[in-house]
């Protein structure tokens, strides 16, 4: 078991290493960051001075080592507009995104699991079909359009909720639905198929033969077994939540990292962009690592056997 | 007539017939979805000729007209006009054209590049394979939109070709994984080895013998990837970091319309509905295609 964990940790470290390397090279693909960041009509002398100042005229290998050294110190560079450290600018936005993402995650679990179970238990019935139709619809609905539909319905027509704002708890309702619908739809589909697989397993027949009621079988035998593969999907969900929050925060003017990223991309604040990319990667890698290790703990089959994780 | 000739003569025909038979036997919902996609493709191809007005022509006299209204200048606007008096129907048509072109070219590009990478990994094995698989794992653990955004941040917006390639690149790792895995098992099947024994070169073995055998799996992947490409492109255009004016995609239309939700829902509502119906139809058709092409997979 420790060997598998060590391998997973090494793989996570490798991914992080690749992210930093990727960002380093992307920033230098188009020549140099100075000409990418500065307006085209900037005085060449000033550009040269900036290159000197940022050490961009040194060999790439030297810059690469220097880059790592700075990141290790937590120095991700300064924003070009106001000169503040990029890390500081990003950290200010973390709480808002965290609030949105965690609520969205809860929403995904609270819709996906019950709907998936309900569909599996009523396989082939009208309920099953209705839930699966809902799932396909939710999955195909682009979140930016869903957000606009919600504003049209709840803010413009029914006047129930304000379209923008982030101070009150009810401000969360529309962004969370926008962020979580696609995820909930995917989880529902996944839980359903994983439940159906389990319900056909021999140990369910054995449980039935022992005289367990259907309700007991579903809740205490089938569900725990079906939930295991669903955990892997939850790992993916972190990525979906991160990319989903970019659109959601823009639609609802939510003051989080996603909107900051779009602003930074439009105004080419490269220091801010690279900070967000690395933080996103780090949280994704951590989430996947946690899921992998959880998986090992919950499902003893993973610890032995063929090491089918590859 | 020799046997081989007969087979050659009839095969394409019977394939077409099998396809038609499959469509006729499909559920009603699939037929409706196919019909919608057909309409979208028709619009995408003919947009230039069938749109009633110039999609860029502004007119202050006809601002924010509701669908079905006639402007002061006597022009009829089936889907109304936007905040600059531009005809929504014409803008919708030209946007469908651009969105679908980006999706088609992007998806094909990603499919070809991704599958080729998988072939390379399977062909050379060893350290080439290792490096490719590390990259595949890396891509699978990073949201693609973040990577796309960081590239756009450096290159700036407005480079259409780069944007199409970037959007299309999404999902390359899945093609690579599929083509690598299937190629490895195909190589063990013996038919590839026999072609090689007969003197067929690497390209011949891969393109003429292995590729047709793993095509079904790749097509299924395309059917999953295509709506994702549409959503990625429209999202990025919606966010202002994708297609730039004067070009317009369905995502752009939505982002303009967002500011006029209160008094002109149609500016955002109609293109939004178009994207939704299109991705929904693709999912429905994709699901069906999966069942038809691969009877071994159970419906999820």
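Chains as they are written, first to last, in UniProt numbering: chain A, 1 to 310; chain B, 1 to 300. Note that beta-carbon positions come from the ideal geometry of N, C-alpha and C, so glycine has one too. It should be emphasised that the depicted structure is a prediction, and the values quoted were computed from it without experimental measurement.
At a C-beta separation below 9 Å, residue 235 of chain B has these neighbours in chain A: 142, 143, 144, 243, 246 and 247.
Against chain B, the beta carbon of residue 139 of chain A has neighbours under 8 Å at 283, listed in chain order.
Rounded to the nearest whole angstrom, the CA to CA distance from residue 152 of chain A to residue 264 of chain B is 10 Å.
If you look at residue 252 of chain A, you'll find it isn't in any alpha helix (DSSP H); DSSP assigns it neither H nor E. Chain B has a Cβ within less than 7 Å of the Cβ of residue 268 of chain A. Residue environment analysis places residue 173 of chain B among the buried positions, since at least 16 neighbouring C-beta atoms fall within 10 angstroms of its C-beta. Beyond the five residues adjoining it in sequence on each side, residue 283 of chain B comes within less than 7 Å, by CB distance, of 227 in the same chain, given in chain order. For residue 200 of chain A, there is no enclosing alpha helix (DSSP H), since its DSSP letter is neither H nor E. For residue 264 of chain B, none of the residues of chain A pass the 7 Å Cβ criterion, the least Cβ distance being about 11 Å. Around the beta-carbon of residue 127 of chain B, fewer than 16 other beta-carbon atoms lie within 10 Å, marking it exposed. When Cβ-Cβ separations below 7 Å define contact, residue 136 of chain A makes contact with chain B. With a minimum length of 4 residues, the unbroken runs of alpha helix (DSSP H) contained wholly in the stretch 54-85 of chain A fall at 60-72.
The beta carbon of residue 84 of chain A sits closer than 7 Å to the beta carbons of 78 from its chain, once the five residues preceding and following it are set aside; these are given in chain order. Taking CB atoms only, residue 288 of chain A has a neighbour in chain B less than 7 Å away. Within the stretch 163-176 of chain B, no residue has a Cβ lying closer than 7 Å to any Cβ of chain A. C-alpha of residue 135 of chain A to C-alpha of residue 52 of chain A: approximately 55 Å in a straight line. Contact annotation, residue 208 of chain A with residue 217 of chain A: C-beta distance approximately 6 Å; criterion of less than 8 Å satisfied.
As the crow flies, the alpha-carbon of residue 146 of chain B is around 14 Å from that of residue 155 of chain B. With a threshold of 7 Å between beta carbons, residue 262 of chain A makes contact with chain B. Around the C-beta of residue 105 of chain A, 16 or more other C-beta atoms lie within 10 Å, and the residue is accordingly described as buried. Here residue 208 of chain B is exposed, its C-beta having fewer than 16 other C-beta atoms within 10 Å.
CA-CA distance, residue 87 of chain A to residue 271 of chain A, rounds to 9 Å. Interface flag for residue 95 of chain B against chain A is unset, since no Cβ pair is found closer than 7 Å. Residues are counted here when their Cβ sits less than 8 Å from a Cβ of chain A; for the stretch 139-165 of chain B these are 141, 142, 143, 144, 145, 146, 147, 149, 150, 151, 152, 153, 154, 155, 156 and 157, given in chain order. Secondary structure in the stretch 265-307 of chain A: the alpha helix (DSSP H) runs of 4 residues or longer, each lying completely within the stretch, are 270-298 and 300-303 in chain order.
Counting the other CB atoms within 10 Å of its CB gives residue 82 of chain A a total below 16, which places it among the exposed residues. Taking CB atoms only, residue 74 of chain A has no neighbour in chain B less than 7 Å away.
At a cut-off of 7 Å between C-beta atoms, residue 124 of chain B does not count as an interface residue with respect to chain A. Taking a Cβ-Cβ threshold of 8 Å, the residues of chain A close to residue 254 of chain B are 144, 145 and 148, in chain order.
Between the stretch 86-104 of chain B and the stretch 47-66 of chain B, the count of C-beta pairs closer than 8 Å reaches three or more; the two stretches touch. The beta carbon of residue 210 of chain A sits closer than 6 Å to no other beta carbon from its chain once the five residues preceding and following it are set aside. Counting only runs of 4+ residues, the alpha helix (DSSP H) found wholly inside the stretch 138-197 of chain A occupies 143-150, in chain order. Close to chain A, meaning a Cβ-Cβ distance shorter than 8 Å, are the following residues of the stretch 199-233 of chain B: 227 and 231. Contact check for residue 254 of chain A and residue 166 of chain A: beta-carbon distance about 6 Å, within the 8 Å limit, so the pair qualifies.
Residue contact check for residue 15 of chain A against chain B: a CB pair falls below 7 Å. Remark: C-beta atoms of residue 145 of chain A and residue 138 of chain B do not approach each other more closely than 7 Å.
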